[in-house]
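Here the structure is laid out as structure tokens; the discussion comes afterwards.
There are 2 protein chains.
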Amino acid sequence: MTVPNHEDYDPGCISLVPIFSDLSLQEMGEVAAITQERHVSKGETVYFAGRTEKQLFVIHQGRVKISRISESGKVQVIRVLGPGDFMGELSVLHDMPRTDFAEALQDCTMCVIPGEALKTLMQRFPSIALKALEELSTRVEQLQTRLEQNQHSSPEYRIARAILDLSGGSSTVTLPMTKGDLASQLGMTQETLSRKLSSLQEAGLINQPSPGVIRIIDRSGLEAVI
Amino acid sequence: MTVPNHEDYDPGCISLVPIFSDLSLQEMGEVAAITQERHVSKGETVYFAGRTEKQLFVIHQGRVKISRISESGKVQVIRVLGPGDFMGELSVLHDMPRTDFAEALQDCTMCVIPGEALKTLMQRFPSIALKALEELSTRVEQLQTRLEQNQHSSPEYRIARAILDLSGGSSTVTLPMTKGDLASQLGMTQETLSRKLSSLQEAGLINQPSPGVIRIIDRSGLEAVI
Chain X
7 MTVPNHEDYD PGCISLVPIF SDLSLQEMGE VAAITQERHV SKGETVYFAG
57 RTEKQLFVIH QGRVKISRIS ESGKVQVIRV LGPGDFMGEL SVLHDMPRTD
107 FAEALQDCTM CVIPGEALKT LMQRFPSIAL KALEELSTRV EQLQTRLEQN
157 QHSSPEYRIA RAILDLSGGS STVTLPMTKG DLASQLGMTQ ETLSRKLSSL
207 QEAGLINQPS PGVIRIIDRS GLEAVI
Chain R
7 MTVPNHEDYD PGCISLVPIF SDLSLQEMGE VAAITQERHV SKGETVYFAG
57 RTEKQLFVIH QGRVKISRIS ESGKVQVIRV LGPGDFMGEL SVLHDMPRTD
107 FAEALQDCTM CVIPGEALKT LMQRFPSIAL KALEELSTRV EQLQTRLEQN
157 QHSSPEYRIA RAILDLSGGS STVTLPMTKG DLASQLGMTQ ETLSRKLSSL
207 QEAGLINQPS PGVIRIIDRS GLEAVI
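Protein chains in written order, with the working numbering: chain X, 7 to 232; chain R, 7 to 232.
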């Protein structure tokens with residue numbers, strides 16, 4: 007096989023993806039050679055639950071919402087992904103149909119890597135597998151924290167925690183999803199979320215200058231809620 | 007380095023652990039060479055939250071309960087592990103102190119693998135990393151399912167689901183943990199769990215012949231609850 011050298015190809019999203027960050031330029035070229043770029047328009051579905059195609063998707067640009075439909079028919083938002091995040095690993099690592107569905111929240115560019123080729127790459131370049139392990143162990147940790155918070159905490163606690171997490175230390179939070187999706191992710195109705203946000207605003211802890219934007223007025227007060 | 011051949015060593019728990027199952031006997035010998043066997047008595051703590059030692063624990067015999075203490079001081083049971091399961095991967099993959107604590111529910115034997123040595127092994131034998139990826143992706147899936155169930159379902163649903171999951175198709179379920187721990191894992195008080203189990207018994211779906219044992223009397227009735 008001829009391996010493209012670094013003048014022959016544009017590694018595109020490959021070079022931006024944490025799980026490939028330890029590869030040399032030449033090795034990235036090998037990954038790029040088996041990767042297809044895909045554009046998905048805002049509102050389009052990337053994949054559906056039940057599908058069995060084995061592909062890993064890595065986001066280059068844009069945001070994607072991952073949801074599941076429960077047995078009772080309710081839709082629950084699981085995560086919102088951005089550049090560098092990957093999805094679909096379960097279908098690659100196990101012979102299982104997808105259990106979730108993915109929808110583009112913005113116009114997106116993503117890399118699509120066929121499952122078997124990815125496994126072969128991980129055998130050749132174990133650093134890819136190690137980076138993916140780091141990512142999945144972080145996700146396990148985050149899910150356990152959410153589970154614990156949802157079981158043992160009030161809606162106020164969950165909302166204050168989410169605002170602080172999303173803020174990343176800044177005082178203005180632009181929600182990466184709709185309020186309905188945020189409510190779903192926090193395990194409450196949108197009405198409860200709106201009511202509690204108004205309470206936090208009345209208490210002088212936050213305000214909401216425009217739809218989808220939350221400004222933290224009193225960070226230590228907000229931290230005291232959690 | 008001299009690699010022990012298969013007559014020189016007893017791979018012990020290494021040979022029983024799924025993440026090492028693709029290795030040859032000689033390769034298992036290499037893993038065994040850096041692994042320490044540890045015995046932990048029933049009730050003893052394997053590790054505490056906040057500790058920073060980087061070690062992966064793989065259970066050979068016995069059961070271990072993993073719990074977390076929430077910021078409000080409540081203890082929540084996260085998982086109960088058995089032979090072949092591993093714990094502590096977050097401290098190995100990330101430079102993070104442990105966020106959970108582990109307690110032996112029975113007398114246990116486990117393999118302790120130093121974190122750096124494990125990473126080096128994964129670089130040499132990528133199949134170990136791939137198996138660990140499979141395990142972690144399964145755990146992500148299970149946690150997402152639990153999160154969804156806890157947010158959108160009644161205590162009856164969660165209990166019926168847990169009994170059916172634990173039964174593995176058999177009609178008698180011996181709980182692998184105390185009722186208090188099961189209640190914690192299902193996000194309810196022990197009183198709620200006991201009351202709902204009594205209701206299911208009165209409805210003729212289960213009975214409880216002895217402490218810690220649940221017999222499924224009417225499986226399809228129980229399935230109808232979920």
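Don't be surprised by glycine CBs; every beta carbon is placed ideally from N, CA and C.
query	result
Given 8 Å, three or more beta-carbon pairs between the segment 135-155 of chain R and the segment 173-184 of chain R	no
I73/X, DSSP secondary structure in three states	Per the sequence shown, the amino acid found at residue 73/X is Ser instead of Ile. Of the three classes helix, strand and coil, the one that applies to S73/X here is strand, per DSSP.
Chain-order list of residues whose beta-carbon lies under 7 Å from that of I134/R (same chain, five-residue window excluded)	I25, F26, L127, M128
Alpha-carbon to alpha-carbon, R74/R and D28/X	33 Å
P246/X, DSSP secondary structure in three states	The structure shown does not extend to residue 246/X, since chain X is modelled only from 7 through 232, so no value can be given for it.
Cβ-based burial, P217/X [other Cβ within 10 Å; buried from 16]	exposed
9 Å Cβ cutoff, R57/R in contact with chain X	no
Under 9 Å between C-beta atoms of G174/R and A110/R	no
Counted within 10 angstroms of its Cβ, other Cβ atoms place L31/X as buried (16 or more) or exposed	exposed
Test: E122/R CB closer than 9 Å to a CB of chain C	Among the protein chains in the structure shown, which are X and R, there is no chain C.
is_contact[L166/X, chain R] using C-beta, thresh 9 Å	Looking at the sequence shown, residue 166/X is not Leu but Ala. For A166/X, the answer is no, since every Cβ of chain R falls outside 9 Å of its Cβ.
Euclidean distance between Cα positions of G234/R and H66/R	Shown here, chain R extends from 7 to 232; a query on residue 234/R therefore has no answer.
Chain R contact residues for S143/X, given Cβ-Cβ distances below 8 Å	E95, L96, L99, H100, L142
Per-residue DSSP class, three states only, for T8/X	With a pLDDT of only 43 at T8/X, under 50, the local geometry of the prediction cannot be trusted, and no value is derived from it.
Cβ of G193/X within 9 Å of any chain R Cβ	yes
Nearest neighbour of K60/X, chosen from I84/X, G121/X, A38/X [CA to CA]	G121/X
Cutoff 7 Å; reference I223/R; Cβ partners in own chain excluding five residues on either side	G210, L211, I212, N213
D57/X versus M194/X, V98/X, T198/X, Q155/X, residue with shortest Cα-Cα distance	Asp is not the amino acid found at residue 57/X; the sequence shown has Arg there. For the residues M194/X, V98/X, T198/X, Q155/X, the minimum Cα distance to R57/X belongs to V98/X.
Minimum Cβ-Cβ distance from A230/R to chain X less than 9 Å	no
Per DSSP, cross-strand counterpart(s) of L29/X	BP columns for L29/X are empty, so no partner.
Given R164/X as reference, the closest of S176/X, L192/X, G35/X, V23/X once Cα atoms are compared	L192/X
Within the segment 147-205 of chain R, ranges of the alpha helix (DSSP H) (whole runs, at least 4 residues)	161-173, 185-191
Pair within 9 Å by beta-carbon distance, G94/X and A108/X	yes
Inter-residue spacing [alpha-carbon to alpha-carbon] between R201/R and T198/X	29 Å
Local conformation of V37/X per DSSP, three classes	helix
C-beta contact flag for V86/R and V64/R at 9 Å	no
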